[in-house]
Amino acid sequence: MGRWVLLLVGCWAGIGWARAQDGTLEWSVILQGFASSSPALSPDGRTVYIGVETSTAGRIVAINADGSPKWSVVRPEAVYSSPAVGPDGTVYVGVDDGKLYALNPANGAIKWEYDTRTFVSSSPAIGADGTLYFGAGDAKLHAVSPTGVERWSFQTGDWVESSPAVGTDGTIYFGSADKNVYAVRSDGTEKWRFATGGKVYSSPAIGVDGTIYVGSADQRMYAITPDGVKKWDFLANGEIAASPVLGADGTVYFAALDASFYALSGETGERLWRTSLSTNSYSTAAVRGDGTVLFGADDGFVRALDPRDGAVKWRYDTKAGVGDYIESSPLVAPDGSIYFGSLDGRLYKLRGNASPLSAVSSWPAFRRDVAHTGRSVYVSNGGRLLNLASRARVAGGDTLIAGFVVEGGAARAFMVRGIGPALAQFGVAGFMPDPRLDLFAGQTLTYSNDNWSDAEPGSSLVDTADAVGAFPLPPGSRDAALVMPLRSGLYSAHLRAADDRGGVALFEVYDAVGGDPASHLVNLSLRGRVGTGEDVLIAGVVVGGVHPTRLLVRAVGPGLAGFGVQGILARPTIEFYRGATLLRSNTGWSSEGLTQDLASAAASVAAFPLVPGSQDSAMVLMVDPGPYTLQVTGVGGSMGEALAEIYVLR
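Have a look at this one:
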């Protein structure tokens, strides 16, 4: 049998287990219209929304993740705009009848509509305060409240098809057919404009340093500083209608209308590689956690390219069925599934290989994320640990303990969650019915939570989960969660059953958004019982930054005896995976002749020393930014208590 892989989705920590597969058809459904719109995903990952054009009108269609229809709303004109999904699930979409619609996600009922009296093919962006920003055929950028009331409009010289992008400071960036790229403040006043040589249909992408990347019909890709100054431009051999996306290392990916797909250095604009296509592509790409670049083209293929050289890893041919142009941009769901629409009138779902949308790129896909918010979020420049997630079976009297070390400047926000009841929505049986969280600073209990809705203020948990991409918890559930400002120091979080009823629980630690960006996680650890089968100790971790990071990874069993731990795992094996690929493994840290190197690495981060010749396991490895899976098992199926640790080495 193949290895089962923990599905880690950046901050959307995977709940189940799935065999690694890639690029094969799971289903396709008929949409009763042509789909050049790009799909968006509901907060719970269960519903896909997409717009279509019919011969006489348009539709907004909701499809369940299993391919069954949920609802469909008919509008009098075509829907080229791609939907955006608010944190409460509301679906926002523009229609060529000139209106922006807010739809109830349960049944598609219209909550409100805002009329521009022209066409709307621009996709809405959602600001941090819920304001909706979108362009229209009246040459304006419109700002509308979450209740459908106009806040302001900004006039340009021609129609606005470009979909806006919102920076971390609230600045809205977009292009216009008047050949300019605009930066507009959140109050509707102009910050600057940047002139290009052609109409700007492309939507901007925002880099980790605030650089704005956007294409133009003058055949150039531009990099513009946050102050509106040209950083560089790159001349392709055809117009650029697709929007750029960014890899974890800042590489800029885009298609041009010269039957080519490009990769450029985000820093210098130097061409890294070019892949020739058999036809043009209007599709904006998506960058997965493993770096793979996905996009559609006019020949009916969706391609997966190797980010290193642009080589085709695989391609899916829609023309094996009906087939037609693919202008829709691929959506990579948290479980790795790939959704896209086609002008053949179908929505497709391909199986992914458990490598979700990149969580360490500032702009990995069209409209940045699966909800199409078009809003930039903070992404670390330096190597740091962003997220730890582990699913484990915890007995009624036992405690699952996660430790972490915060290093750096002043206080920064972190979120810890202990999830039981919310696992039911993912089909997990035997979940812990009432988990409790206790957070200790050293030996001092500093924060506790039993039911997350009782936390003060509960709204900060909702906002933080949305900001880091964590799946939402049902209101009133007995799941536990905390958001708190933490300064440099050693912390441990204890997860246990509040009512002594054990079960399966998901434990998560997030570097959240807010506070001093100089403060960061440098160590994550997890102590629990190692069983067999699905009860081995397994955790997902996200490494942030834009450069490779050296990690010290350890699995300690015998070394726990010195701390009075009973029932230790006598001989642990540690394995470190990226997706389905095993990067390194170790059994017995002295077995590879690197005892001194490993001891020095441990000393450099103040990790307690291991006894030379002991059966504890350890290794040092260099990893690129992205999601990884750490697994601890017992040799020969042995069981016992073990500690898994990850340290960032400087």
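To get our numbering, take the position in the sequence shown, counting from 1, and add 13.
Glycine residues also receive a C-beta, built at the ideal position from the N, C-alpha and C atoms.
Distance check between residue 555 and each of 106, 523, 194, 317 places 523 closest, using alpha-carbon atoms only. One Cα belongs to residue 339, the other to residue 430, and the distance between them is close to 40 Å. Rounded to the nearest whole angstrom, the C-alpha separation of residue 37 and residue 643 is 27 Å. Inclusion of residue 345 and residue 299 in the CB contact set at 8 Å is warranted, their separation being smaller than that value. The C-alpha of residue 624 lies about 29 Å from the C-alpha of residue 508. The DSSP assignment places complete beta strand (DSSP E) segments of no fewer than 3 residues inside the segment 228-257 at 233-237, 243-248, in order along the chain. Boundaries of the alpha helix (DSSP H) around residue 608: 608-617. Of the candidates 540, 205, 420, 502, 205 places its Cα closest to the Cα of residue 240.
Less than 8 Å separates the beta-carbon of residue 561 from that of residue 636. At least 8 Å separates the beta-carbon of residue 405 from that of residue 267. Beta-bridge pairing by DSSP links residue 270 to no other residue.
The criterion of a C-beta distance shorter than 8 Å is not satisfied by residue 435 and residue 552.
Taking a contact to require three or more Cβ pairs closer than 8 Å, the segment 490-501 and the segment 112-124 do not qualify as touching.
Across the structure, residue 525 and residue 482 are spaced so that their CA atoms are roughly 10 Å apart. Contact holds between the segment 74-83 and the segment 55-65, because three or more Cβ pairs, one in each stretch, are under 8 Å apart.
Note: residue 533 is bridge-paired with 420 in the DSSP secondary-structure output.
In the structure shown, the three-state DSSP call for residue 438 is helix.
Exclusion of the five residues before and after residue 545 leaves 650 as the residues of its chain whose Cβ lies within less than 6 Å of its Cβ. Residues 71, 90, 91, 92, 93, 132, 133, 134 of the same chain have their beta carbon placed closer than 8 Å to that of residue 109, with the five preceding and five following residues left out of the count. Residue 632 has its alpha-carbon roughly 34 Å from the corresponding atom of residue 460. Per DSSP, the continuous beta strand (DSSP E) segment holding residue 40 begins and ends at 37-43. Positions of the alpha helix (DSSP H) runs, each at least 4 residues long and wholly inside the segment 470-558, are given as 471-481 in order along the chain. Rounded to whole angstroms, the Cβ separation of residue 564 and residue 504 is 19 Å, and the two are not in contact under 8 Å.
Residue 186 places its beta carbon 8 Å or farther from that of residue 137. Between the alpha carbons of residue 236 and residue 282 lies a gap of roughly 8 Å. Excluding the 5 residues flanking it on each side, residue 51 has same chain C-beta neighbours closer than 6 Å at 95, 341, 342, 379, in chain order. Distance check between residue 142 and each of 172, 101, 128 places 101 closest, using alpha-carbon atoms only. One Cα belongs to residue 638, the other to residue 381, and the distance between them is close to 17 Å. Apart from sequence neighbours up to five positions away, the residues of its chain that approach residue 86 with a beta-carbon distance below 7 Å are 72, 73, 116, 121, ordered along the chain. Under DSSP, residue 635 takes part in a beta bridge, and its partners are 563.
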